[in-house]
Structure formats: C-alpha cells, structure tokens
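Student:
Chains as they are written, first to last, in my numbering: chain A, 1 to 500; chain B, 501 to 645.
1. Name the residues in the region 80-101 of chain A whose C-beta lies less than 8 Å from a C-beta of chain B; which are they?
2. Are residue 165 (chain A) and residue 155 (chain A) close, meaning C-beta to C-beta below 7 Å?
3. Does DSSP classify residue 205 (chain A) as helix, strand or coil?
4. Pull out every residue of the region 506-527 of chain B whose Cβ sits closer than 7 Å to any Cβ of chain D, in chain order.
5. Could you check whether residue 250 (chain A) and residue 467 (chain A) sit closer than 7 Å to each other, using their CB atoms as the reference points?
6. Assign residue 87 (chain A) to one of three DSSP states: helix, strand, or coil.
7. Quick one: any contact between the region 36-45 of chain A and the region 99-111 of chain A, if contact means 3 or more CB pairs under 8 Å?
8. Measuring alpha carbon to alpha carbon, tell me which residue in B:519, B:526 and B:507 is nearest residue 584 (chain B).
9. Return helix, strand or coil for residue 286 (chain A), following the three-state DSSP convention.
10. Please report how far the alpha carbon of residue 414 (chain A) lies from the alpha carbon of residue 185 (chain A), in whole angstroms.
11. What residue from A:173, A:130, A:132 and A:493 has the CA that sits closest to residue 637 (chain B)'s CA?
12. The region 556-586 of chain B: which residues have C-beta closer than 7 Å to a C-beta of chain A, in chain order?
13. I'd like to know whether the C-beta of residue 634 (chain B) is nearer than 7 Å to at least one C-beta of chain A.
14. Determine whether the Cβ of residue 545 (chain B) lies closer than 7 Å to any Cβ atom of chain A.
15. Along chain B, which residues have their Cβ under 9 Å away from the Cβ of residue 332 (chain A)?
16. Look at the alpha carbon of residue 543 (chain A) and the alpha carbon of residue 452 (chain A), and state the distance between them as a whole number of angstroms.
17. Three Cβ pairs or more, each shorter than 8 Å: is that satisfied between the region 217-224 of chain A and the region 200-208 of chain A?
18. Can you list the residues of chain B that residue 325 (chain A) reaches, using a CB-CB cut of under 7 Å?
19. Taking DSSP's pairing of strands, which residues face residue 212 (chain A) in a bridge?
20. Should residue 396 (chain A) go down as buried or exposed, given a rule of 16 or more other Cβ atoms within 10 Å for buried?
21. With 9 Å as the C-beta to C-beta threshold (strictly closer), list the residues of the region 617-632 of chain B near chain A in chain order.
22. So which of A:398, A:400, A:371 and A:246 has the shortest CA-CA distance to residue 266 (chain A)?
23. Would you kindly work out how many angstroms separate the C-alpha atoms of residue 582 (chain B) and residue 470 (chain A), rounded to a whole number?
24. Taking only runs that begin and end inside the region 365-413 of chain A, name each unbroken beta strand (DSSP E) of 3 or more residues, in chain order.
25. Give a yes or no on whether the C-beta atoms belonging to residue 304 (chain A) and residue 377 (chain A) are separated by under 7 Å.
26. Taking C-alpha atoms, which residue in A:392, A:341 and A:242 lies nearest to residue 379 (chain A)?
27. For residue 619 (chain B), which residues of its own chain have a beta-carbon under 6 Å away from its beta-carbon, when the five flanking residues on both sides are left out?
28. Helix or strand or just coil, what does DSSP make of residue 243 (chain A)?
29. Whose CA, out of A:356, A:285, A:145 and A:482, lies closest to the CA of residue 254 (chain A)?
30. Are the region 479-487 of chain A and the region 114-131 of chain A in contact at 8 Å, needing three or more beta carbon pairs?
31. So, using beta-carbon positions, are residue 67 (chain A) and residue 79 (chain A) closer together than 7 Å?
32. I'd like to know whether the C-beta of residue 430 (chain A) is nearer than 7 Å to at least one C-beta of chain B.
33. Taking C-beta pairs closer than 8 Å, name the residues in chain A that residue 640 (chain B) reaches, listed in chain order.
34. Anything in chain B within Cβ reach of residue 376 (chain A), meaning under 7 Å, just list it in chain order.
35. According to DSSP, is residue 577 (chain B) part of a helix, a strand, or is it coil?
36. Would you decide whether residue 346 (chain A) is buried or exposed? Buried here means 16 or more other CB atoms lie within 10 Å of its CB.
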C-alpha cells in the first residue's frame, strides 16, 4: 500500500498525561492557524459505550498485551494503556506533586519546585484536584488510616481529580461515568476546540528529520473508525514531540536510528505488591474511590510507600502468591478484604532497559535488585502490622512461607516474613509506574534530552512524558508528568519564537 | 464477534497448539482453582474459551514455553508418583504442586506462576463467579457520562 502524506506544523505522538498536556498548551497556536496533530495508538473511549467494567474485556481494550506484559526475566509484569488520554484513563486520579528532595537528586538545572509549582497549580485547578469529603471514604480506606494512626505512623489523604464520582470503584478499568478528570476529559477536548486534530488508531513507527512515519490501524470492534483509512502515512512537521510513554518513546527513537548511551536505559517502575488482610466483619471496599490514603513513613530509610487500594477478582487472585483451596477460601471472603499496595522505590540502573525484541515486540530487561527485594519484604511486614492494627484476623504476606499469617503471630512478623522465603517468580510483582528511558540531563552520555525535553543534537525533536524522569518519582507520577510536559511545551513555543 | 474474528485468524498450527495447552491445563485446573468445579458446564466452557482467547494473543515462543512446562509437570508427576496427576490424592497433589510453587529453581517457579495465573484467569475473570465470591460492585448508573 502506498504511503500517504499529511502536512502539519507540529505532531505530538501519544495522548496521555504528557501528550495531552502538550496538545492543550500548544493549542493557542492551532487557533492562530498552525496545524497540530495529536497521534494516538489506541481508540477514543466513550464512557457509556465502551466500559463494561469487566476485567478482561477492559484489559483487552485499554492495555497493551492485556496488561500482562512481562519482563524478559519473567518476574515482573507491566501494564500500560493505549487510548486517547493514555494511562490517565486507567489510573485512580491520585494527584501529588513531586518533592524538592527528589528533584534535588535528579540534578536537572532549572527543574525545581519553584519552577513547577505554578504548573502544578494550573493542572490541579484544570483537573479538579481536591480531597474527597469524609463521607465518601469507604471502610477499606478508613481502615488504612486507622491502622497507621494506631501505630503512630504518618498518613496522608490523596488529592484526587474526580468530578461527580459515583464510587463505582473500578478506576483502573477506566471510568464508566467519566468522573476521572484525565487528559481525555480535560486537556484533549480543550485542545480540539482550538483546532488540534486528534488521530486515534495511529501507531508511530519512526521519526525522521521533520517527519513521522505512522500506520493507521483498523479500530477495535465496537469503536468508531478514525478519519483516515488504515495504511501507512508520512506526517511532515516542523516540530515533533514524543509522548508515547516510558516503553514506546525510547523504542520509537531506537527504531528511528537515534543512538545515545542512555537511550532506553535507566528504566524505573516502582515495583509493587498487592497485599490483603481479612477482617472478621464485612467492610465497604468495592464501592467508593479505591485509593484515599498513603503513608511515607518508610520512604526515607526503607525506601517503600504504602497506599490503600482495591482491585478486582482476577487481578487480586493473580497477585496472591498461592493456589488451590487457600486461595478460594480467601477470595470467597471478598467483602471482608482490605488491600494495601506496597511500592518499592527502585534505583535508576543502566542495565534496566527497554529494547526491540524479535517480531517487533518490546522487550524489557529489568533486574529486581537486592535493595528492591529488601524494600518489598519490609513493606510486607509493615503492611501486615498495619492490617492487624486495623483489626484484621489474617493477612496474606508473601515471603511468609505460608499463605496466611494469623493475628496471634503478629509479634513475630520479622522472623516469619523473610528475604529467604521471598522468592522471585513465585510472588507476583507488578510495575506500578513506568519511568525513564529518555532521561533528561545535561550530558549526552548519560541522558537523551536536555532539561527542557529537547533530544540532544536534534532541536526539532522533543520528549514529553515519564520517560524523561532521570530516576523514580517516588510518588504517583501523573501530575509531575503534566508539569514537566508543560515545561516541554514552553520550550517548543520558545524555539518557535512564540510566547503563548 | 471480536472474539470470533481473533480465533478465525489463527493458523491451524497455532490453533492446535492452543488446544493442546487447554487439554493439558484441564489436568490441573480444578486443583489450582477449586471454584472451577462450582461452575456450570456452560460456565466451565466459557472459562476455557476465555483461556483460548488469551492464548490466541500470545506469540509462538510463549505458547511453546507453556506447552513444555505442562509436559514437564506431567512428566515429573509420572516419574515421582508413578501416576497421572488426576489419580493422586489431594495431599499428594498438594505436595507435588508445592514442589513447583516453591522450587529452588527460579525457572520452575516462573513456569508454574504462568500455569497458575492462567488457571486464575480462566475462573476469577468470569463475571459469573462474582456471586460465588460475594463480589458485588455497584451497578453502573444509566445516563451519566
């Protein structure tokens, strides 16, 4: 099939937290006549038409590889979405500002809270970031807070970006009432009003100097077709902004022949465990926002975070290290289950990387370090303490050598949950937040872009997503992605010689 | 319809490979997720079909790994217990599965994780199991978007 050509001034690749933000920030240029395209591999979701709220159905529609992609070593799974709005469709909307301490470690000139705070404020306002009122918090979340308070641990409520939330509790499967204010609900419609053209079902294969080679793919059944017929396209552009996420942004650059010692490397992902405590009584857990509290009690020294969470039957089952009657017994008590997510803060290491594999599929090489393993084991012990402090009778604690730990064993958790018994490959570990691969910096030997997202040596080409992060964000990252993408949009405007 | 077209597009070889995995999985499904036996026959068939759809998305290398590992499980059962898995007592089954689950060899643990996850996917991903596990999400209200 012959390649068709389309002419633009600016092409943005990917429409998640980064791409959606850049599209809105550059939209005033479109209003003045610039031709801007926002390309998205996935489709445009309509809350009323496309959300069955069934796990596998939504996983197939939203996620690459049904959300079950594994690293090469097969001890870590990665889930990342393709859809207009990207992963902002399937997060819980928790909206935190990256800390100055983390920015200090990143050592990116000019990237400070002073620079980012006005940008954070803008997106907190646009995306309706707020604290949910007490009456909207369910028992699962309140028990997390109660456990922390009883133990004397720090606990903080998550600001969230919902509007008219009805508490369906299935945020990670996409919001069936459109309550979550991700880029698909806020920034992209705003960009479209000004004339930015959104092109769904568009997979980008390569970028070259001033052009993007892409393929329009047929839509999934039940979705509307895009405006272009399927086939190969070349999109000409003066400026190209890659915002395809920590897996695909580096891969597009790699396939396009870009070479950099840092390209695809220094991947971090906040390796995570889902843990469960069983209470003697039923609690409200599957209705209401699933994620209201977090604790940074162990962030500085033990390098893990604890967050309240609630998942669905298969996701839960997959993440429990066990099988058979024990597993059934616990899952049948779903109304009694409290859940906690442990997020390890992983170091940015050069050997952790993404690359193309045979058959044109991404391969992620990621080694779970001894430090990460230790953080996860300590996170399991801390979570078990929290569950028991909140009143749980039994806890599923991977690394305990048995499926459940009882309340009367609580004083001996340190000797029960051990690193020796925490066996990789047995325990389900999931990548919570993918970051790095096109890290920003000043030295082309250790970074892919400059501090403003410009690819070193290529002034027409930018990156604007979590792949820019030089190391882990140490919090749920979407608001930080938006703020940093906002900086990239500023650089694009400045390079074009326009102010706003 | 979507599901049908995915399966229709498979090569005869891949289809045969998937059916082989499903047949091998049947040996272990009820033990790994006993809830499977509480499903009606059409629900059990639906569970197998769900697996079929998932496997259809996997590449040949992954399917080969799954097939090899299931054969390895059968072989180890025959060598160590001199009987097929389905003929073992519950206690014998548990001991055997524990050898895979907690194996000192990482590759064996990862292989078993794959089989165990497939079994969980077949059963717990079905909405028909929701009443059996007392999972009652709030219904989606009409007319909100």
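Backbone N, C-alpha and C define an ideal beta-carbon position, used for all residues, glycine too.
Tutor: According to the data block:
1. none
2. Counting from 1 along the first chain, the entry for residue 165 (chain A) is found at position 165. Counting from 1 along the first chain, the entry for residue 155 (chain A) is found at position 155. No. Outside cutoff.
3. As a working note, residue 205 (chain A) is residue 205 in the first chain. Strand, per DSSP.
4. Of the protein chains in the structure, A and B, none is chain D.
5. Taking the first chain and counting its residues from 1, one reaches residue 467 (chain A) at position 467. Taking the first chain and counting its residues from 1, one reaches residue 250 (chain A) at position 250. Yes, Cβ-Cβ distance for residue 467 (chain A) and residue 250 (chain A) is below 7 Å.
6. Locating residue 87 (chain A) in the first chain gives position 87, counting from the first residue. Of the three classes helix, strand and coil, the one that applies to residue 87 (chain A) here is helix, per DSSP.
7. no
8. For the purposes of this step, residue 584 (chain B) is identified with residue 84 of the second chain, where counting begins at 1. The option with the nearest alpha carbon to residue 584 (chain B) is B:526.
9. As a first step, residue 286 (chain A) must be located in the first chain, where it is residue number 286. Here residue 286 (chain A) sits in coil by DSSP.
10. Here residue 414 (chain A) refers to the residue found at position 414 when the first chain is read from its first residue. Here residue 185 (chain A) refers to the residue found at position 185 when the first chain is read from its first residue. Rounded to the nearest angstrom, the two C-alpha atoms are 46 Å apart.
11. Residue 637 (chain B) sits at position 137 when you count from the first residue of the second chain. If we check each option's Cα against that of residue 637 (chain B), A:173 comes out closest.
12. 557 and 559
13. Taking the first residue of the second chain as 1, we reach residue 634 (chain B) at position 134. By this cut-off, residue 634 (chain B) is an interface position.
14. By one-based count along the second chain, residue 545 (chain B) stands at place 45. With 7 Å as the cut-off, residue 545 (chain B) does not count as an interface residue toward chain A.
15. Locating residue 332 (chain A) in the first chain gives position 332, where the first residue counts as 1. Going along chain B in sequence order, the residues near residue 332 (chain A) (Cβ under 9 Å) are 535, 632, 633 and 634.
16. The shown model of chain A, from 1 to 500, leaves out residue 543 (chain A), and the question about it has no answer.
17. yes
18. Taking the first chain and counting its residues from 1, the one referred to as residue 325 (chain A) is at position 325. Neighbours of residue 325 (chain A) on chain B, chain order: 534.
19. Here residue 212 (chain A) is taken as the residue at index 212 of the first chain, counted from 1. Paired residues: A:207 and A:235.
20. Sequence index remark: in the first chain, residue 396 (chain A) carries index 396 (1-based). Buried is the call here.
21. 617, 619, 620, 621, 623, 624, 625, 626, 627, 629, 630 and 632
22. Within the first chain, the letter at position 266 stands for residue 266 (chain A). For residue 266 (chain A), the nearest C-alpha among the options comes from A:246.
23. On the second chain, position 82 is the one that residue 582 (chain B) refers to. On the first chain, position 470 is the one that residue 470 (chain A) refers to. When rounded, the distance between both Cα atoms is 55 Å.
24. 394-396
25. Taking the first chain and counting its residues from 1, one reaches residue 304 (chain A) at position 304. Taking the first chain and counting its residues from 1, one reaches residue 377 (chain A) at position 377. Not closer than 7 Å, so no.
26. Reading the first chain from its first residue, position 379 is the one you call residue 379 (chain A). Among A:392, A:341 and A:242, the Cα nearest to that of residue 379 (chain A) is on A:341.
27. Walking along the second chain from the start, residue 619 (chain B) turns up at place 119. Answer for residue 619 (chain B): 529, 532 and 533, listed in chain order.
28. Translated into positions along the first chain, residue 243 (chain A) becomes position 243. In the structure shown, residue 243 (chain A) sits in coil (DSSP, three-state: anything other than H, G, I, E or B).
29. Looking up residue 254 (chain A) in the first chain gives position 254. Closest option to residue 254 (chain A), Cα to Cα, is A:356.
30. yes
31. If you number the first chain from 1, residue 67 (chain A) lands on position 67. If you number the first chain from 1, residue 79 (chain A) lands on position 79. Their beta carbons are under 7 Å apart, which means residue 67 (chain A) touches residue 79 (chain A) by this criterion.
32. As a first step, residue 430 (chain A) is located in the first chain; it is residue number 430 there, counting from the start. Judged by the 7 Å Cβ criterion, residue 430 (chain A) is not in contact with chain B.
33. As a first step, residue 640 (chain B) must be located in the second chain, where it is residue number 140. Within chain A, the residues near residue 640 (chain B) are 51, 53, 168, 176 and 177.
34. Taking the first residue of the first chain as position 1, residue 376 (chain A) is located at position 376. What residue 376 (chain A) touches in chain B: nothing, since even the nearest Cβ is about 16 Å away.
35. Indexing the second chain from 1 puts residue 577 (chain B) at position 77. Residue 577 (chain B) falls in the helix class under three-state DSSP.
36. Counted from its first residue, the first chain places residue 346 (chain A) at position 346. Label assigned to residue 346 (chain A): buried.
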